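Structure record follows, encoded as structure tokens.
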Amino acid sequence: MAVVFEKPHALTDISQHYCPGCTHGIIHRLVAEVLDELGVEGRTVGIASVGCSVFAYRYFECDMVQAAHGRAPAVATGVKRSQPDSVVFTYQGDGDLAAIGTAETIHAATRGERITTIFVNNAIYGMTGGQMAPTSLMGQTTQTTPYGRTEQNQGFPLRVSEMLATIEGVAYLARVSVDTVKNIKETKKAIKAAFQCQLDGKGYSLVEILSTCPTNWGLSPVESLDWLRENMMPQYPLGTFKNK
């Protein structure tokens, strides 16, 4: 009997810790599938961030390094420069990348580091209890914005992809989503293009992936997908921002 579907080799065979309805697991699988298809697992080094994805090092068969909060791009830079033939990626949430790690991200992009970032944007701090993140939406209720985010008190959401698109060291940049089968397929294409950009030595690449957080949003998994489409996509439109 022909095998038509199986677990990617680059994904470990253990249960993941994510909440029901969280889409981190989907994204992990897509990254693993790309590593398999490109045949680079044996020379890949992943950098796990701090946040819900802190245990990402348990889920990939490639070498993994745990970085301090926000410092994944700096660690990835060191790995890539010391081992230039390696394939290096960071896996980061919006609290990690867009808050404490903003400077590391921007300067890695400015230098055109030959690394790939998988940026998971669910508009909230997940692991630490649901505080407002830089990507939280206007009016969004969180643990630290119980009356909703306002222009006067918290300012406006940070659009990471639009900001990075202005930097010349960025070679590939896309925003995608995993809310539908169609968008999941598009997300895989973007992840593969980002890794290929690194393999071709073109510069820094990042894929921003709109994701759900049912637990901290206070919604069911199905309601979370609807909320993402109705609220996040207008603020964070999907598309390819840069492709050298």
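Under my numbering, the letters of the sequence shown match residues 597 to 840, in that order. For glycine and all other residues, C-beta sits at the position ideal for the given N, C-alpha and C. This one's a predicted model, so the numbers in the text were calculated from it and none came from an experiment.
{"Item": "If contact is defined by three or more beta carbon pairs under 8 angstroms, each pair taking one atom from either stretch, is the region 821-837 in contact with the region 627-644?", "Value": "no"}
{"Item": "By how many angstroms is the C-alpha of residue 770 removed from the C-alpha of residue 791?", "Value": "12 angstroms"}
{"Item": "By Cβ distance below 6 angstroms, which residues in the same chain neighbour residue 713 in space, the five residues on each side in sequence not counted?", "Value": "686 and 802"}
{"Item": "Just how far apart, CA to CA, sit residue 694 and residue 731?", "Value": "7 angstroms"}
{"Item": "Mark residue 664 as exposed unless 16 or more other C-beta atoms lie within 10 angstroms of its C-beta, in which case mark it buried.", "Value": "exposed"}
{"Item": "Can we say the region 723-739 touches the region 749-764, given the rule of at least three CB pairs closer than 8 angstroms?", "Value": "yes"}
{"Item": "Whose C-alpha, out of 733, 691, 725 and 670, is nearest the C-alpha of residue 708?", "Value": "670"}
{"Item": "Would you mind giving the Cβ-Cβ distance between residue 672 and residue 711, rounded to the nearest angstrom? I have them listed as a contact below 8 angstroms.", "Value": "4 angstroms"}
{"Item": "The alpha helix (DSSP H) that contains residue 767, what's its start and end?", "Value": "Residue 767 -> not in any alpha helix (DSSP H); beta strand (DSSP E) instead, spanning 766-773."}
{"Item": "Near residue 537, what residues of its chain come up, given a Cβ to Cβ distance below 8 angstroms and the 5 sequence neighbours on each side ignored?", "Value": "The first residue shown for the chain is 597 and the last is 840, placing residue 537 beyond what the model contains."}
{"Item": "Check residue 653 in the structure and name its three-state DSSP category.", "Value": "helix"}
{"Item": "Can you tell me which of the three DSSP states residue 690 falls into?", "Value": "helix"}
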